[in-house]
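Residues in the sequence shown are numbered consecutively from 115, following our numbering.
Where is the CB? At the ideal position from N, CA and C, for every residue including glycine.
Remember, predicted model here, so these are calculated numbers, not experimental data.
One structure is given here, and the rest of the page talks about it.
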Amino acid sequence: MNANDPQAMTTPEFPPPQSAVPDMPLPPSQPQQRIDDEPMRLITSFNDVFVVVASALLVFGTVWLTHSLPPWLTAWVCAALFWGLSEMFVRRRRMALPALVYCFGFIAAFASVGFIGIQAAAPGFGLGEHAPPDAEGLTLRTHVLLSLFASYAGIGVGTVLYWRRFRVPVTLAMGIGGAVFLTWLFVVILGHNLVGAMSVVSIVAGLAIFVWALRWDARDPQRTTVRSDVAFWLHLLAACMVTHPIFWALMPDHSVAAIAFFLLLTAISLAIDRRALMMSSLLYVMTAMLNLLVTSEDTRALAVVAIVVGGALLLLSAFWHPSRAAVLKLVPAGWRARLPH
């Protein structure tokens, strides 16, 4: 398979780009979509919803029937079930929404296998901060770390297997996001003052994922292959990991700085033609503006903020292309050539 061929890089989840079919213009009811519209393919038809609901019932029934089995075996059964469903509805039927659900279920099942394996090998896991060592002589911290690394291994194996077989764009972001979520969860369980350090780690890791997403975008500036879809999900994950800790540090005492940071994110979003950075910080900037406006018990402040932010975003959406062109003039030519055209 030629990795540079757009046809070769389309996934079973999505059909090949329509532009790849010669002499077949879109019907009037489906106008040509601009690259700046940042197409998002989450559902192909209502049948996607039908299949997801039916699959949820099937998985629920399977888990219920196998609850008497060892937990690790139930997790393996679920992983096999999600894999089989993916073969039918993702690889053959190219259904978008089921692909997202099955990918999550498969990776979660593998993470559970790793976690359950540690619990079976070293029972006596306590949740208290000062829990005594268990029968194997493991302290709480050691047990949590072993569980975390076992879950990491499960997530890594599940992500690689699912990506190599089905090429679902969300797979990489979902695997990394699952590892990040587990890390935060185990930090909370440990009960130590690691939140500040975790915020720094989250920002650094988010910036690394952001750069990685830009590399995926640079390999598909026309956004016609799966690379663009992979980049979309990586940008969404990176945006959450970077913006939330920074806004948590700025709010509520530094509302002006929070708004300035949002404007910086807006400029970056225009330059890279991705809206994830803006959307992930929208609630924070509204809160910052509300803090600046609320100098008395005026109940209209929230309405004013909603109107101002909503109107500004609608104007930006309507004039996205000229706004982006203005921002790109400030970007060095070498970098500009790698950005979406």
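Residue burial classification, residue i (beta-carbon count within 10 angstroms, cutoff 16)
i: Ser-200; result: buried
i: Gln-144; result: Residue placement at Gln-144 cannot be trusted, given a pLDDT of 42 that sits under 50; what the coordinates show is reported in the next sentence. Gln-144 is exposed by the Cβ-count criterion.
i: Ala-311; result: exposed
i: Arg-337; result: buried
i: His-181; result: exposed
i: Trp-178; result: exposed
i: Pro-139; result: Interpretation of Pro-139 is limited by its pLDDT of 40, a score under 50 that renders its predicted location unreliable; the figure taken from the coordinates is listed afterwards. With fewer than 16 other Cβ atoms within 10 Å, it is exposed.
i: Trp-347; result: buried
i: Ile-421; result: exposed
i: Ser-431; result: exposed
i: Val-418; result: exposed
i: Val-302; result: exposed
i: Ala-170; result: exposed
i: Trp-362; result: exposed
Member of the options whose CA lies at the smallest distance from the CA of residue i
i: Asn-405; options: Ala-374, Leu-444 and His-368; result: His-368
i: Val-191; options: Val-370, Trp-330, Ser-342 and Val-227; result: Val-227
i: Val-204; options: Ala-385, Val-282 and Val-325; result: Val-282
i: Arg-317; options: Val-302, Ala-352 and Ala-293; result: A small fix is needed here, since residue 317 is Ile in this sequence, not Arg. Nearest option by C-alpha distance: Ala-352.
i: Gly-291; options: Phe-218, Arg-341 and Val-325; result: Phe-218
i: Thr-458; options: Val-314, Trp-277 and Tyr-266; result: For the chain, the structure presents residues 115 to 455; residue 458 sits outside this window and is missing.
i: Ala-390; options: Leu-407, Asp-343 and Val-418; result: Asp-343
i: Asp-387; options: Ala-210, Ile-230, Ala-440 and Leu-396; result: Ala-440
i: Leu-260; options: Phe-300, Thr-273, Ile-221 and Arg-278; result: Phe-300
i: Ala-447; options: Leu-195, Phe-164 and Ala-385; result: Ala-385
i: Leu-396; options: Ala-381, Leu-453, Phe-376 and Ile-421; result: Phe-376
i: Thr-158; options: Arg-208, Leu-195 and Pro-185; result: Arg-208
i: Leu-350; options: Ala-363, Gly-320, Trp-186 and Ile-373; result: Gly-320
i: Val-271; options: Ser-437, Leu-416 and Ala-225; result: Ala-225
i: Tyr-216; options: Leu-416, Pro-185 and Phe-280; result: Phe-280
i: Ala-426; options: Met-392, Trp-277, Ala-327 and Pro-359; result: Met-392
i: Thr-357; options: Val-258, Arg-341, Asp-162 and Thr-380; result: Thr-380
i: Leu-453; options: Phe-229, Leu-172 and Arg-329; result: Arg-329
i: Ala-222; options: Gly-289, Phe-433 and Met-202; result: Gly-289
Extent of the continuous alpha helix (DSSP H) run through residue i
i: Ala-426; result: 415-432
i: Ser-200; result: 185-200
i: Ser-169; result: 160-179
i: Met-154; result: Segment: none, Met-154 is in no alpha helix (DSSP H) and carries neither H nor E.
i: Val-399; result: 396-407
i: Ala-447; result: 447-450
*Can you list the alpha helix (DSSP H) stretches of 4 or more residues lying completely in the stretch 310-393, in chain order?*
340-364 and 369-386
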